[in-house]
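Heads up, the thing below is written out as structure tokens.
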Amino acid sequence: MDYGINRLSSKKFHKFIKKMQLKIKKLILTIWYTFIYNRKIDNIMYQIEKIGDDSFYIKAIGTFPLPVAERFVIEFEDLTKDIHENLNVIIDITEAILLRIESIDIILDLLKRNNEKLNKSAFIISKNPPLGVEFNYLLEHAESSKRKIVSNLEDAKEWIGIEDIIFKKD
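Start counting the sequence shown at 338; every next residue gets the next number (my numbering).
Here is the structure:
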């Protein structure tokens with residue numbers, strides 16, 4: 338009789354273990370998907386730093402998918418809403434890959450809306466000819482001669498007129 342009880346509890350134990358394994362797998366998948374989603378959408382794609390009263394440094398990486406482009410536009414407009422003239426922007430896209438097609442129109446609209454208050458902006462692009470072509474297209478259609486593509490940070494600082502600002506790398 339002891340055998341039957343031990344076998345029964347052994348079966349229940351194995352069922353319990355299988356259920357726990359499934360729960361752990363689901364939990365791991367949930368954590369993994371959350372990590373991947375947050376990494377791509379919420380954490381890494383861009384960073385906006387205020388480097389003066391009316392000057393900003395923007396670092397963008399990756400492909401800039403539509404949700405990121407939309408969030409970027411909202412955040413940038415919020416940060417620059419009190420600036421009505423002499424806006425200076427350095428956009429560092431040396432680690433960007435390509436723009437997503439659906440993001441190009443959103444960025445172009447942002448560039449056009451800022452034509453009035455823009456003093457100068459520099460786009461740092463180095464060693465990425467396809468990205469250079471995309472940004473040439475954007476700059477041509479943004480209808481402003483206040484924007485320029487440069488190949489390094491020093492050229493960008495010189496174009497904007499903020500050579501005295503020193504950038505420290507993390």
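Virtual Cβ for every residue (Gly too), placed ideally from N, Cα, C.
Values in this document were obtained by computation on a predicted structure and should not be read as measured data.
Among the options, nearest to residue i - alpha-carbon criterion
{"i": "leucine 468", "options": "Lys352, Lys355 and Phe401", "result": "Phe401"}
{"i": "isoleucine 443", "options": "Gly399, His478, Thr417 and Gln384", "result": "His478"}
{"i": "isoleucine 430", "options": "Arg450, Gln358, Ile411 and Ser458", "result": "Ser458"}
{"i": "tyrosine 474", "options": "Lys494, Leu448 and Lys418", "result": "Leu448"}
{"i": "lysine 418", "options": "Leu436, Lys464, Asp391 and Glu491", "result": "Asp391"}
{"i": "glutamate 453", "options": "Ser481, Glu414, Ile497 and Lys348", "result": "Ser481"}
{"i": "proline 466", "options": "Ile365, Asn423, Ile438 and Ile434", "result": "Ile434"}
{"i": "valine 470", "options": "Leu436, Asn423 and Glu414", "result": "Leu436"}
With 16 other Cβ atoms within 10 Å as the buried cut-off, status of residue i
{"i": "isoleucine 427", "result": "buried"}
{"i": "lysine 356", "result": "exposed"}
{"i": "phenylalanine 353", "result": "exposed"}
{"i": "leucine 359", "result": "exposed"}
{"i": "isoleucine 361", "result": "exposed"}
{"i": "phenylalanine 409", "result": "buried"}
{"i": "isoleucine 497", "result": "buried"}
8 angstroms CB neighbourhood of residue i in its chain, flanking five on each side removed
{"i": "glycine 389", "result": "Asn425, Ile499 and Ile502"}
{"i": "tyrosine 383", "result": "Ile395, Lys396, Ala397, Ile398, Phe401, Val405 and Phe409"}
{"i": "leucine 416", "result": "Ile385, Lys387 and Phe393"}
CB of residue i within 8 angstroms of CB of residue j, strictly
{"i": "lysine 483", "j": "leucine 445", "result": "no"}
{"i": "isoleucine 385", "j": "glutamate 412", "result": "yes"}
Same chain, Cβ closer than 7 angstroms to residue i, five either side skipped, listed in chain order
{"i": "serine 440", "result": "Phe401, Pro402, Leu403 and Ala406"}
{"i": "phenylalanine 472", "result": "Phe460, Ile462 and Ile486"}
{"i": "alanine 493", "result": "Ile427, Ala459, Ile461 and Val487"}
Nonlocal neighbours in the same chain, by C-beta distance under 6 angstroms from residue i, ignoring five residues either side
{"i": "serine 488", "result": "Ser463"}
Runs of 4 residues minimum, wholly inside the segment 385-423: which ones carry the alpha helix (DSSP H) assignment? 403-417
Just to confirm the assignment: which complete beta strand (DSSP E) runs, minimum length 3, are found wholly within the segment 425-503? 455-461 and 484-487
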